[in-house]
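Chemist: Handing you this structure, nothing more for now.
See the structure below:
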């Protein structure tokens, strides 16, 4: 028997420390709800968990972004519902004005309402606002609306906005114009008249919209008068102007400007039904333009709604995976806590017993 080193007590004390440390970890995991509270608990698990948390946060924010985008689209589409209603009213007024039973005064009264409706279309378009964004305004609008719908920078959805003022709707009617003749918009073209010719003619045909053709035929005669002829699919009013350039050869140039009936300046008044009939075609084209834009907004909204659902499902699945890595299994941890608590109490008892063993040596001295 020795008294300098009580090996039994040292062993009991060591196990007491182990059991105390295990019990402390059990208490930490049970109180925090996480089985990984520091890198030392599971270095690889912590790294994977943090990466997943970053992805989850990005997905959750992307879902919120998509929901905000849906709100913006719904705001714009709601305003366009009223614009559609006013365009339908304009159709009614134009049809009324086209009736031969109306006189100039009656058509003037109808024109007053037309003017106010066009002003209201502009007001709605310029004042429809979502968090400072004006998706329907002619100026200061959203332009391209880009929505972040994923945790990475490349995951975006872009919706091209259109001005839905009266002039913006008119522009939308012609936005798909295609130059079929190889003529560039805004360019100047010259037609040479041969020597000793009293007249010459040329024709241009441009597609200015789907299945709509604008035909212009200019004839230069001896007195330099331009005749502008429109195709059967279009109606227009225009002016012709002669411009003479005095040169040694006495060269002369003829130009003509043709303006179509536009929605912003639509007029159904006057003494005849011709203008009102032209207005009906203009309004129908405007209704189609607004319908097309509303269809684009509706398609984008449906896409975003599916995007939100997908983001939520993805976030849920990744959260479940991250939970299995990091969250505490309470039943398992309580079992471990109970075990370590019993071992701790046993270690304390054994330490007390091992410390009492050297005292038995005193009996040998009696």
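In this note's numbering, the protein residues as written are 34 to 399. Just so you know, even glycine gets a beta-carbon here, dropped at the ideal spot from N, CA and C.
Measuring alpha carbon to alpha carbon, tell me which of 383, 307, 119, 359 ends up nearest residue 135.
Modeler: Cα-wise, what sits closest to residue 135 is 307.
Chemist: Do the region 114-126 and the region 306-320 touch if we need at least three Cβ pairs shorter than 8 Å?
Modeler: Touching, yes, given that three or more Cβ pairs across the two stretches are closer than 8 Å.
Chemist: Is it buried or exposed for residue 68, if we count other Cβ within 10 angstroms and need 16 for buried?
Modeler: Its Cβ being crowded by 16 or more others within 10 Å, residue 68 is buried.
Chemist: Would you call the region 176-191 and the region 85-102 touching, i.e. three or more CB-CB distances under 8 Å?
Modeler: Contact between the region 176-191 and the region 85-102 is present, because at least three Cβ pairs lie under 8 Å.
Chemist: For the region 367-384 against the region 48-55, are there 3 or more C-beta pairs whose distance is under 8 Å?
Modeler: Yes, the region 367-384 is in contact with the region 48-55.
Chemist: Using a Cβ-Cβ cut-off of 7 Å (strictly less than) and excluding sequence neighbours within five positions of residue 170, which residues of its own chain qualify?
Modeler: Only 158, 159, 196 meet the Cβ criterion.
Chemist: Please state whether the Cβ-Cβ distance between residue 405 and residue 82 is less than 8 Å.
Modeler: No answer is possible for residue 405: the residues shown for the chain start at 34 and end at 399.
Chemist: Measuring only the C-alpha atoms, how far is residue 370 from residue 108?
Modeler: Their backbone Cα atoms lie some 56 Å apart in a straight line.
Chemist: Residues in the same chain with beta-carbon distance under 8 Å from residue 398, minus the five sequence neighbours each way, listed in chain order, please.
Modeler: Excluding sequence neighbours, residue 398 sits near nothing in its chain.
Chemist: Could you please give me the residues that DSSP links to residue 178 through a beta bridge?
Modeler: Residue 178 pairs with 192.
Chemist: Residue 353: buried (16+ other C-beta within 10 angstroms of its C-beta) or exposed?
Modeler: Burial call: exposed.
Chemist: Using a 10 Å radius around the Cβ and a threshold of 16 neighbouring Cβ atoms, would you call residue 140 buried or exposed?
Modeler: Label assigned to residue 140: buried.
Chemist: Is DSSP giving residue 351 helix, strand or coil here?
Modeler: Looking at residue 351 - three-state DSSP - the assignment turns out to be helix.
Chemist: With DSSP collapsed to three states, give me the class of residue 74.
Modeler: Looking at residue 74 - three-state DSSP - the assignment turns out to be coil, as it is neither helix nor strand.
Chemist: Please classify residue 183: is it buried, with 16 or more other beta-carbons within 10 angstroms of its beta-carbon, or exposed?
Modeler: Buried, because 16 or more other Cβ atoms sit within 10 Å of the Cβ of residue 183.
Chemist: If we count the other Cβ atoms within 10 Å of its Cβ and call it buried at 16 or more, is residue 76 buried or exposed?
Modeler: By the neighbour-count rule (16 or more Cβ atoms within 10 Å), residue 76 is not buried but exposed.
Chemist: Three-state secondary structure (DSSP) at residue 67?
Modeler: Correct three-state label for residue 67: strand.
Chemist: For residue 368, does the count of other Cβ atoms within 10 angstroms reach 16, so buried, or fall short, so exposed?
Modeler: Exposed, because fewer than 16 other Cβ atoms sit within 10 Å of the Cβ of residue 368.
Chemist: Output the distance between the C-alpha atoms of residue 391 and residue 74, rounded to the nearest integer angstrom.
Modeler: Those two C-alpha atoms are separated by around 40 Å.
Chemist: Quick one: using the 10 Å Cβ neighbour count with 16 as the cut-off for buried, is residue 138 buried or exposed?
Modeler: Exposed: under 16 other Cβ atoms inside 10 Å.
Chemist: DSSP on residue 362, reduced to helix/strand/coil?
Modeler: Here residue 362 sits in coil by DSSP.
Chemist: Report the rounded CA-to-CA distance for residue 118 versus residue 199, giving the unit in angstroms.
Modeler: Each residue's alpha carbon lies about 14 Å from the other.
Chemist: Is residue 59 buried or exposed, if buried means 16 or more other CB atoms sit within 10 Å of its CB?
Modeler: Buried.
Chemist: What are the partner residues of residue 375, as DSSP defines its beta bridges?
Modeler: Paired residues: none, contrary to the question.
Chemist: Identify the residues that DSSP records as bridge partners of residue 166: which are they?
Modeler: Residue 166 is bridged to 163.
Chemist: Expressed to the nearest angstrom, what Euclidean distance is found between the alpha-carbon atoms of residue 120 and residue 105?
Modeler: Approximately 23 Å, taken between the alpha carbons.
Chemist: Measure the alpha-carbon distance for residue 42 versus residue 383 and round it to whole angstroms.
Modeler: Cα-Cα distance, rounded: 8 Å.
Chemist: Check this for me: beta carbons of residue 131 and residue 335, under 8 Å apart or not?
Modeler: Result no, Cβ atoms of residue 131 and residue 335 do not sit closer than 8 Å.
Chemist: Is it true that the CB of residue 99 sits closer than 8 Å to the CB of residue 344?
Modeler: The answer is yes: Cβ separation under 8 Å.
Chemist: Assign residue 391 to one of three DSSP states: helix, strand, or coil.
Modeler: Here residue 391 sits in helix by DSSP.
Chemist: Taking the alpha-carbon of residue 116 as reference, which of 342, 321, 387 has the nearest alpha-carbon?
Modeler: The residue with the shortest Cα to Cα distance from residue 116 is 321.
Chemist: Taking C-alpha atoms, which residue in 365, 143, 36, 202 lies nearest to residue 325?
Modeler: When only C-alpha atoms are compared, the closest one is 202.
Chemist: For residue 112, which of 323, 91, 145, 84 has the nearest alpha-carbon?
Modeler: Selected option, being the one with the closest Cα: 323.
Chemist: Using a threshold of 7 Å, is the CB atom of residue 310 nearer than that to any non-hydrogen atom of the ligand PLP?
Modeler: In terms of ligand content, the structure shown is empty, and the ligand PLP therefore cannot be addressed.
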